[in-house]
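> If you read the protein sequences in the order shown, they are chains A and B.
Each residue of the first sequence is one higher than the one before, starting from 1 at the first, in my numbering.
Each residue of the second sequence is one higher than the one before, starting from 1 at the first, in my numbering.
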Amino acid sequence: MSEQSDYSRRALLRHIGISIGMGVAGGGVLTAQDVQHVHQAVQEEKAAQKGPYQPKGLTPHEFATLERLSDYIIPADEHSPGAVAANAAEFIDFLCSASDEMKEIYTGGLGWLDWEVRHRGDGADFLSAPAGKQTALLDSIAGPDAAPADLQPGVRFFDWARKMVVDAFYTSPIGIRDLGYRGNTALAEFHVPQEAIDYALKRSPFA
Amino acid sequence: MMFGMPQIVRKSQVFDVVVIGSGAGGGTAVKVLTDRGLQVALLEAGPTLNPAHDFKEHVWPYQVDHRGAGAHAELYFGRQQWNYFAAPVGYWEIPDEPYTVAPGNQFRWFRSRILGGRTNHYGRISLRFSDYDFQPEDGLSDPWPVTYAEMAPWYDKAEGFIGVTGTKEGLRTAPDGNFLPSISPRVHEVLIQKSCGKLGIPCIPSRMAMLTRSINGRAACHYCGQCGRGCITASAFSSSQAMVFPAMKTGKLTVFNGAMARELIADDTGKVNAVSYVDKATRTEQQVRCRAVVVAASACESARLLLNSKSPRFPNGIANGSGAVGRYLTDSVGYGLSGYVPALAGLPRHNSDGIDGMHVYVPWWLYDDKRKDFPRGYHIELGGGFHMPMLGSFHGVCAQYKGYGRKLRDHIREEYGASVYFAGRGEMIPNKDSYCDIDPQRTDAWGIPVLRFHFQWSDNEIRQVRHMHQTFASIVETMGGRAYGSAPDPKTAGISTGGTIIHEAGTVRMGNDPSQSVLNKYCQSHEVSNLFVCDAAPFVSQPDKNVTLSIVAFAWRASEYLAEEMRKGNV
């Protein structure tokens with residue numbers, strides 16, 4: 001059953017890839033029905049899985065490193081859980097399995113992180129380095145200030161990881177709740193709460 | 001017969017009218033002509049539309065594995081032509097359907113290939129042209145063969161049918177219409193109104209084709225703000241749902257999908273008696289016979305069809321004795337600026353979806369100003385509010401603050417809903433360097449010669465865009481905010497690439513003088529009495545008011561005229 005669903009999902013993805021490649025319709029041309037099929041197939045696949053998530057595009061070691069990285073980028077705070085609970089790494093792994101170009105960015109970037117840790121003598125790889133050394137490395141590639149030339153591959157990779165972990169988190173149910181987005185619903189009437197208008201006016205030059 | 005030549009399939013039925021294109025113009029023609037009892041054939045180059053399957057209204061990003069990135073993560077590599085969740089719309093580049101751009105020119109041509117065309121996704125901003133748009137007082141472009149007074153009743157009909165929100169304001173630059181109730185401004189829009197008030201700029205309820213009240217059997221809006229995804233309840237206007245589907249139910253309309261018009265075929269008397277098209281699915285040439293034809297394939301596609309319809313009688317293309325077909329090409333002038341407004345930081349959360357796009361807007365306000373250094377004007381469209389978070393929603397915050405962890409989270413939380421956006425849409429004056437013609441060397445996948453674009457902005461438009469930048473920056477600063485990004489390149493001033501605002505017009509223009517224009521005041525060819533053009537191609541100029549409402553008004557008037565002429569036996 002699980003094999004069959006995996007096969008049909010792959011077949012569907014291949015089919016979708018072909019229709020886009022032919023330019024019959026280009027990006028966004030996928031019918032809602034196709035999306036539903038893919039979505040259902042993946043849900044079934046997930047439900048059939050026992051135990052921890054099995055990465056599709058990355059190796060288990062790469063996936064574990066990415067998950068740790070996502071925890072640094074969007075940690076849990078007093079408002080809500082963070083990127084790990086929102087399965088941000090799974091979204092990125094999924095796209096790595098769907099795009100060789102994406103996969104290269106992540107395998108390359110995660111490999112660079114491990115190499116840099118060894119180079120600094122901080123451990124065998126990023127995961128095994130002490131927490132303080134991990135953040136010291138991230139601080140050197142993630143900050144607003146220009147990093148030295150030999151750290152540029154890390155800077156470039158962290159830009160990718162940051163924006164995609166942020167994407168994954170804030171488009172998840174946890175992230176949407178955290179932001180407080182209240183829409184995507186049907187209303188009989190549209191109205192704006194007076195207290196929101198008052199809040200903004202009070203803080204504006206028009207107070 | 002040439003050996004190996006595929007057979008041309010001629011259909012036996014003779015339709016009263018063949019309509020080419022199913023967008024705002026073609027949809028209107030189909031509705032009016034079938035209402036008048038005529039038998040109509042509709043040629044649409046794309047597939048049919050099934051809103052229940054094709055619209056992604058109300059889908060959350062996490063309900064799709066790639067969350068909108070595309071099956072191969074196209075969004076992240078800049079290869080996605082359109083938002084994944086958008087209604088099926090069309091594309092800048094279509095592999096089977098190339099176009100070319102002359103060296104030293106820039107132009108991008110958007111084509112919609114779906115029943116309903118661009119009306120499935122357009123912004124639905126619905127503005128009447130002003131009296132001075134039809135009869136320019138500055139002499140910089142030619143007058144139209146109609147006046148505002150002649151068009152006003154047709155605008156009334158168009159608004160009454162599609163449904164347009166608005167309020168009576170009495171402004172010459174934004175004539176009042178037959179309006180549905182307006183919708184209350186969102187918090188950022190209240191601030192923008194205050195800011196504009198201080199600067200002496202009008203900021204009035206927007207005029208949008210969304211139903212704040214149920215009309216014509218279409219349900220009232222449910223305020224999910226997702227009109228651009230396609231509206232399953234048809235509360236946001238689209239020609240597919242509001243015009244073509246109802247016309248199909250009358251039994252008077254036959255729709256041919258995947259039908260790429262190749263040529264208008266004229267008989268010995270010089271009238272069109274058939275339309276030749278390629279059935280894309282079988283790559284066979286078909287002909288559908290008719291008593292009259294309405295070309296509404298979008299401004300440039302309509303010009304292409306006329307130019308490609310050559311015969312000994314019409315060596316420069318049908319109806320093109322004037323040589324004006326393809327000339328006078330314009331697009332709206334576009335410029336955008338966004339800014340951060342601290343007064344909105346940490347705004348109490350609420351549902352601000354409303355109708356997609358703006359609830360208030362700025363109509364042109366300096367018509368009588370003699371000091372400005374550019375002719376004509378622009379209107380300002382506004383954005384902001386709490387949107388459904390999507391991939392890319394916070395890329396700007398990431399790029400600005402860098403870092404990671406709790407600080408990044410706090411920045412995102414604080415800035416969510418605290419940005420505003422301004423988009424100027426201005427008038428381009430037709431110029432001799434902006435036109436399309438047939439590329440002598442290339443064809444599309446069906447052997448139809450393709451268009452070649454020539455397009456240049458003039459200093460008029462560049463100076464206008466500089467004015468937009470100053471205005472937007474002062475509006476955001478007056479409300480205590482600051483513009484994002486750096487000042488635009490002084491040479492281009494950040495002006496949009498021609499074609500990218502998707503308001504092409506002028507390529508089959510109307511006029512009273514047959515030596516200077518292609519169509520008369522009813523959008524009827526001067527030379528071929530049963531040939532009408534009903535998109536933005538007939539428009540003599542590109543007023544600072546988006547073209548769709550006027551396309552509907554002109555197409556309605558032309559179609560009533562055509563039906564009446566056919567009844568009288570004149571066509």
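Backbone N, C-alpha and C fix where the C-beta goes; we use that ideal spot for every residue, glycine too.
Determine the DSSP secondary structure at residue 545/B, reduced to helix, strand or coil.
coil
> Can the beta-carbon of residue 319/B be found less than 8 Å from the beta-carbon of residue 329/B?
no
> Pair every Cβ in the segment 130-146 of chain A with every Cβ in the segment 333-346 of chain B, then say whether three or more of these pairs are closer than 8 Å.
no
> Would you say residue 120/B and residue 114/B are within 8 Å of each other, going by their C-beta atoms?
yes
> Less than 8 Å between the C-beta atoms of residue 176/A and residue 85/A, yes or no?
no
> Which chain A residues are close to residue 398/B, counting only those with a beta carbon under 8 Å from its beta carbon?
159, 162, 163, 166
> Of all the alpha helix (DSSP H) runs that stay within the bounds of the segment 68-112 of chain A, which reach a length of 4 or more residues?
Segments of the alpha helix (DSSP H) lying fully in the segment 68-112 of chain A: 88-98.
> Consult DSSP for residue 585/B and reduce its assignment to one of helix, strand or coil.
Outside the displayed span of chain B (1 to 571) sits residue 585/B, for which this structure offers no information.
> Quick check: the segment 45-55 of chain B against the segment 59-77 of chain A, are there 3 or more CB pairs under 8 Å?
no
> Does the Cβ-Cβ distance between residue 231/B and residue 58/B come in under 8 Å?
no
> With a threshold of 16 other CB atoms inside 10 Å of the CB of residue 570/B, please say whether the residue is buried or exposed.
By the 16-neighbour rule on beta-carbons within 10 angstroms, residue 570/B is exposed.
> Closer than 9 Å by beta-carbon distance: list the chain A residues that pair up with residue 382/B, in chain order.
Residues of chain A passing the Cβ test: none, with the nearest at roughly 15 Å.
> Compare the Cα-Cα distances from residue 336/B to each of 257/B, 501/B, 516/B, 298/B and report the closest residue.
For residue 336/B, the nearest C-alpha among the options comes from 501/B.
> Give the interface partners of residue 394/B over in chain A, defined as CB-CB distance under 8 Å, in chain order.
163, 166, 167, 170
> Quick check on residue 416/B: does DSSP put it in helix, strand or coil?
coil
> Could you list the residues in the segment 182-206 of chain A with a C-beta less than 9 Å from some C-beta on chain B, going in chain order?
182, 183, 184, 185, 186, 187, 188, 189, 190, 191, 192, 193, 195, 196, 197, 199, 200, 201, 202, 203, 204, 205, 206
> Taking buried to mean at least 16 other C-beta atoms within 10 Å of its own C-beta, is residue 469/B buried or exposed?
buried
> Could you tell me how far apart the beta carbons of residue 83/A and residue 168/A are, in whole angstroms, since I believe they sit closer than 8 Å?
7 Å
> For residue 416/B, tell me which candidate among 180/A, 148/A, 197/A, 194/A has the shortest Cα-Cα distance.
Answer by Cα proximity: 180/A.
> Drop a sphere of 10 angstroms on the beta-carbon of residue 486/B, count the other beta-carbons inside from all chains shown, and report buried for 16 or more, exposed for fewer.
exposed
> Residues of chain B with a CB under 7 Å from the CB of residue 99/A: which are they?
72, 73
> Whole angstroms are fine: how far does the CA of residue 413/B sit from the CA of residue 199/A?
16 Å
> Residue ranges of each beta strand (DSSP E) run of no fewer than 3 residues wholly in the segment 316-400 of chain B, ordered along the chain?
333-340, 378-384
> Restricting to Cα atoms, I'd like to know which of 203/B, 568/B, 539/B is closest to residue 422/B.
That would be 203/B, whose Cα lies nearest to the Cα of residue 422/B.
> Among 274/B, 24/B, 175/B, 132/B, which has the Cα closest to the Cα of residue 144/B?
132/B
> Please report the distance separating the alpha-carbon of residue 38/A from that of residue 159/A.
Low local confidence applies: a pLDDT of 47 at residue 38/A is under 50, so the model's placement there is unreliable, with the coordinate-based value given in what follows. Cα to Cα, residue 38/A sits roughly 29 Å from residue 159/A.
> Which residue marks the beginning of the beta strand (DSSP E) containing residue 289/B, and which one marks its end?
284-295
> Closer than 7 Å, Cβ to Cβ, to anything on chain B: give me those residues from the segment 94-119 of chain A, in chain order.
Listed in sequence order: 94, 95, 98, 99, 101, 102.
> Within 8 Å, do at least three Cβ pairs link the segment 548-565 of chain B to the segment 531-538 of chain B?
yes
> Give a yes or no on whether 8 Å exceeds the smallest Cβ distance from residue 8/B to chain A.
No - not a single Cβ of chain A is within 8 Å of the one on residue 8/B.
> Just to make sure I have the definition right: I need the residues of chain A whose C-beta is within less than 9 Å of the C-beta of residue 224/B. Which are they?
183, 184, 185, 186, 187
> For residue 441/B, name the three-state secondary structure that DSSP assigns.
strand
> Beta-carbon within less than 6 Å of residue 334/B's beta-carbon, same chain only, minus the 5 sequence neighbours each way: which residues are those?
496, 501
> Residues of chain A with a CB under 8 Å from the CB of residue 183/B: which are they?
190
> The beta strand (DSSP E) that contains residue 41/B, what's its start and end?
Run containing residue 41/B: 40-43, per the beta strand (DSSP E) assignment.
> Counting only beta-carbon atoms, is residue 72/A nearer than 8 Å to chain B?
With 8 Å as the cut-off, residue 72/A counts as an interface residue toward chain B.
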